[in-house]
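Step one of this worksheet: look at the structure below.
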Ligand code: CP
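Residue numbers (my numbering): 49 to 382.
And the structure:
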């Protein structure tokens, strides 16, 4: 694959590297578009390591983060990303907004649009809500997680983190690398975006969950489903753990947290069943002592969890910078 020519924002053969107006899901992206965003993020990874972390690429632009669900990592990293790029960033927390007075999602979106936002970042509890808003506004919309559907920037930041940790270079994919994702696959938008992203980059992905937390058609996404965690770990180079999404469960999906930990919790003993020096990932927030033990989450060298958070800022900078190019009149993005 040719390296992206970032000076012209196009691949050498003249193909537009990122033709999308919005970032709604990894499922909308071609392999070369995923790689383009990862490669663009490397520039911001380098900037974020410096003492002075400011760039003025988005100076004068207004970014609104509209969060209808709680968040620590995604909200703060989008805010930091926008500010490091020089934009004016405003956060709207639904709990303190007129949503509480009965205003609809569409009316809220039209209100943000009327304020001439240059990009809107949305998290919402309903799958598809972000696409609904994207159809109503004039600016790029970025999905910060919609229900059980997708969390595209999480999938991208996890792929970036993995590419770095596996010693891959800019432009490289994850061809043949063995990744096991374990947890509440059924309710997890992180699982969905990661499956789409990792398989697009050539990784061999296994998913593991109790039968009640495994989507029935998951194999059609190109992954191998397991209910036995020990079997799913054999040969895995990367183990990605997910929390139980209690907020999306109606009824009981597991007998008890204790039994869940016994069968699906990542302990040191269980990690030893994976490939030697297997890497550990978790998108957060973690429930220590349930899906992952503290002595695994905090493993020096092998746990990538804080690196995932660090790369979250860079990926969100890349997505904001690329998606606003047309509005900023960047050459080649008319
Ligand atoms: N990983 C993630 O989306 O975390 P937050 O819910 O804290 O944003």
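For each residue, glycine too, the CB sits at the ideal point set by N, CA and C. For clarity, every value in this text was computed on a predicted model and none was experimentally measured.
How close, in whole Å, do the beta carbons of residue i and residue j come, if the pair is a contact with beta carbons under 8 Å?
{"i": "residue 195", "j": "residue 174", "result": "5 Å"}
{"i": "residue 233", "j": "residue 263", "result": "6 Å"}
{"i": "residue 286", "j": "residue 225", "result": "7 Å"}
{"i": "residue 213", "j": "residue 201", "result": "With a Cβ gap of about 18 Å, residue 213 and residue 201 do not count as contacting."}
{"i": "residue 322", "j": "residue 284", "result": "4 Å"}
{"i": "residue 274", "j": "residue 311", "result": "About 12 Å separates the two Cβ atoms, so there is no contact after all."}
{"i": "residue 245", "j": "residue 203", "result": "4 Å"}
{"i": "residue 238", "j": "residue 331", "result": "5 Å"}
{"i": "residue 363", "j": "residue 205", "result": "4 Å"}
{"i": "residue 251", "j": "residue 227", "result": "5 Å"}
{"i": "residue 72", "j": "residue 167", "result": "In fact, because the Cβ distance is near 13 Å, the residues do not count as touching under 8 Å."}
{"i": "residue 291", "j": "residue 343", "result": "Incorrect: roughly 18 Å between the Cβ atoms, too far for contact."}
{"i": "residue 128", "j": "residue 368", "result": "In fact, because the Cβ distance is near 11 Å, the residues do not count as touching under 8 Å."}
{"i": "residue 219", "j": "residue 197", "result": "The pair is not a contact, with the Cβ atoms about 29 Å apart (cut-off 8 Å)."}
{"i": "residue 107", "j": "residue 130", "result": "Contact doesn't hold; Cβ gap of about 11 Å is too wide."}
Identify the continuous beta strand (DSSP E) that holds residue i and give its terminal residues.
{"i": "residue 226", "result": "226 to 230"}
{"i": "residue 172", "result": "167 to 172"}
{"i": "residue 297", "result": "Here residue 297 belongs to no beta strand (DSSP E), and DSSP marks it neither H nor E."}
{"i": "residue 83", "result": "Here residue 83 belongs to no beta strand (DSSP E); instead the alpha helix (DSSP H) covers 79 to 96."}
{"i": "residue 286", "result": "286 to 289"}
{"i": "residue 328", "result": "327 to 329"}
Is any heavy atom of the ligand CP found at a distance shorter than 8 Å from the C-beta of residue i?
{"i": "residue 315", "result": "no"}
{"i": "residue 335", "result": "no"}
{"i": "residue 359", "result": "no"}
{"i": "residue 200", "result": "no"}
{"i": "residue 119", "result": "yes"}
{"i": "residue 147", "result": "no"}
{"i": "residue 281", "result": "no"}
{"i": "residue 122", "result": "yes"}
{"i": "residue 331", "result": "yes"}
{"i": "residue 193", "result": "yes"}
{"i": "residue 238", "result": "yes"}
Since residue i is in the alpha helix (DSSP H), which residue starts that stretch and which ends it?
{"i": "residue 162", "result": "153 to 162"}
{"i": "residue 133", "result": "Premise fails: residue 133 is in no alpha helix (DSSP H) and is neither H nor E."}
{"i": "residue 111", "result": "Here residue 111 belongs to no alpha helix (DSSP H); instead the beta strand (DSSP E) covers 110 to 115."}
{"i": "residue 361", "result": "353 to 371"}
{"i": "residue 316", "result": "316 to 319"}
{"i": "residue 281", "result": "277 to 281"}
{"i": "residue 74", "result": "Residue 74 -> no alpha helix (DSSP H), and no H or E assigned at all."}
{"i": "residue 342", "result": "342 to 345"}
{"i": "residue 306", "result": "305 to 312"}
Using a Cβ cut-off of 9 Å (strictly closer), state whether residue i contacts chain D.
{"i": "residue 117", "result": "Checking the listed chains, one finds no chain D in this structure; it contains a single protein chain."}
Should residue i be counted as a contact of the ligand NAP given a C-beta to heavy atom distance under 8 Å?
{"i": "residue 285", "result": "Inclusion of the ligand NAP in the displayed structure is not the case, the ligand content consisting of the ligand CP alone."}
For this session: Please specify which runs of the beta strand (DSSP E), each continuous and at least 3 residues long, are wholly inside the region 227 to 273, giving them in chain order.
Result: 252 to 256
Exercise. Curious, which full-length beta strand (DSSP E) runs of at least 3 residues does the region 181 to 219 contain?
Worked result: 189 to 194
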